[in-house]
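Each remark here refers to the structure printed beneath this line.
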Amino acid sequence: MGMGVAGSYLMARLRDSEHDVAGYEMMPAERHDSICAWGTIKPVLSEFCSKVGIDFDRFLIHDGKRMRVRMGSGTRFDIGLHGLCTYDKLGLIKEFMRGSDITYGKPPTLATLEKEYDMIVDCTGFHRAYLPKLSEDFFLPTYEYKVEYDDGVPYDDFYIEPFPGMSGYFWYFPLGEKWAHIGAGDYNKNHIKATDDFLQKHGGRIIKTKGRPIRLATPNRCKPFYSGKVVGVGESIGTVYALLGEGIIPSMQCAEIFLANMNDHAAYERAVDDHYRVYGRVFNFVRAKIHKEFSFVRSLPDFMSIFRYMKKHEDRFGMDIRMADLIKVARA
Ligand SMILES: Cc1cc2nc3c(=O)[nH]c(=O)nc-3n(C[C@H](O)[C@H](O)[C@H](O)COP(=O)(O)OP(=O)(O)OC[C@H]3O[C@@H](n4cnc5c(N)ncnc54)[C@H](O)[C@@H]3O)c2cc1C
C-alpha cells in the first residue's frame, strides 16, 4: 500500500519472485507525485537500482560538488560533496512500478484487503494508514516549491540554512540548468516564510507547490511495526535520519530488511531495531535541541556516537563529515 520510494522499490524487487503482488496508490495516476526535495546519494541509489536492472544515471539530475551552509548567525561554511545528488525521484518510482499491477485512487479498506491478501505492507509513509496510530508521534511541517529560473539560477549547487535551535532548515536543491526545489521544514513553523523570503529575494517562477509533514520519530518510537496482516516499511515506521530529514535511502534499506525477513515479523522487528538504533540517538539529540533541553555535557555521548557513525559511513552520506561542522550546527 503506497507507491512512494519504499512501496515502488518493493514492487520492483518482488516482480519476478514467487509472490503474487498487487500495489495500491491513494492518489489518482495523474496526480501521483513525490513530495520531497529529491536529494540522495548516487552510489547508494545506483546499488539499489542495479538489483532491479535499472541504470540510476538515467535519473540523475545534478551531481553535487559542494554544499554551502549559512547559519542564522551569519556564519558560512562549505561541505565537500562526494555523491550527494538530485534525481528524478518520481521518474524512478514509475520505473520501479513498470509492469506491475497497480491500482490508483481511493484505496480499499483494511477489512477488504484482509479478505483478499495474506499480507498487507503499509508503505504509506507519514499516513501510516493501516497500522495502529502512534501513541507519541514527532514530525515537522514542510513546504516546498519547484521553481524555474529564466535568468539564471541563484546557486549552482546545494545550499542550506539551518534554523536557530536546529528546529529545521531551508534548502535549495538544484534540479539542472534552470530549476530547483526550494523549501523548508521547521518545528517552529517558519517554513513557509523562509521559503517565500528566498523566492522573493531570488525570483523565479513557481511550477509546483508541495508540502506534507515529515516524521522524525524513529523506528524505536514507531511501534508496532506489524499488526494482524499488516506490516510497515519505510517512513510509516519512522525511517528518517532526523538530523538531515533524509528518508529515501533509509526507506529503501528498510525494504531490503523486510525482504530478508518477510516470513518472520518478529525477526523483521529485531533487524529494524538493530539497523536504526543510532537513528534513535540522532532523534534524541535533535529533539533536545528543538525543545531547548540540550546541554553539551548531557548530550555528549549521543553527539559522539552520531559523529562516529557519520564519519564511519561518510560514503553513505555522500559528504565530508567534520567534527567542526557538526559542532557549528549543534551550536545553532
Ligand atoms: C518536503 C520534503 C522533502 C524531503 N526531501 C528529502 C530529500 O531530499 N532526500 C531524502 O532522502 N528524503 C527527503 N524527504 C523524506 C523522504 O521523502 C521520505 O522519508 C521518503 O520518501 C519516505 O518514503 P516512503 O515510501 O516510506 O513514503 P512516501 O514517499 O511518503 O510514500 C507514501 C505513498 O503512499 C501513498 N499513500 C498514502 N496513504 C495511502 C493509502 N491509504 N493507501 C495507498 N497509498 C497511500 C502516498 O500518496 C505516497 O505515494 C523529504 C520529505 C519531505 C516532506
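Mapping to numbering that gives the first Met the number 0: the sequence shown position 100 is 99, numbers consecutive. For every residue, glycine included, the Cβ atom is placed at its ideal position computed from N, Cα and C.
Item to check | threonine 39 CB to nearest heavy atom of ligand 1 below 7 angstroms | outcome: yes
Item to check | Proximity test, glutamate 143 beta-carbon vs ligand 1 heavy atom, cut-off 7 angstroms | outcome: yes
Checklist entry - For alanine 193, is the beta carbon positioned less than 7 angstroms from some heavy atom of ligand 1? => result no
Next on the checklist: Just verifying my parser: in three-state terms, what is the DSSP assignment at proline 161?
Outcome noted: strand
Item to check | For isoleucine 53: DSSP bridge partner residues | outcome: Per DSSP, none; premise fails for isoleucine 53.
Checklist entry - So, are the CB atoms of arginine 214 and glutamate 245 less than 8 angstroms apart? => result no
Next on the checklist: Using CA atoms only, rank isn't needed, just tell me which of Cys221, Leu89, Gly1 and Asp155 is closest to aspartate 272.
Outcome noted: Cys221
Checklist entry - Measuring CA to CA, which of Leu299, Gly202, Arg127 and Arg97 is closest to methionine 25? => result Arg127
Checklist entry - Around the C-beta of alanine 241, are 16 or more other C-beta atoms found within 10 angstroms, so that it is buried, or is it exposed? => result buried
Next on the checklist: Quick check: the stretch 2 to 14 against the stretch 114 to 129, are at least 3 beta-carbon pairs closer than 8 angstroms?
Outcome noted: yes
Item to check | Length of the line joining the Cα atoms of tyrosine 308 and isoleucine 326 | outcome: 15 angstroms
Next on the checklist: Can you tell me whether alanine 5 sits near ligand 1, meaning its C-beta is under 7 angstroms from at least one heavy atom of the ligand?
Outcome noted: yes
Checklist entry - Which residues in the same chain have their Cβ closer than 7 angstroms to the Cβ of tyrosine 142, if we skip the five residues on either side of it in sequence? => result Gly182, Ala183, His190, Ile191, Thr194 and Gly210
Next on the checklist: For proline 131, count the other beta carbons within 10 Å of its own beta carbon; 16 or more makes it buried, fewer makes it exposed. Which is it?
Outcome noted: exposed
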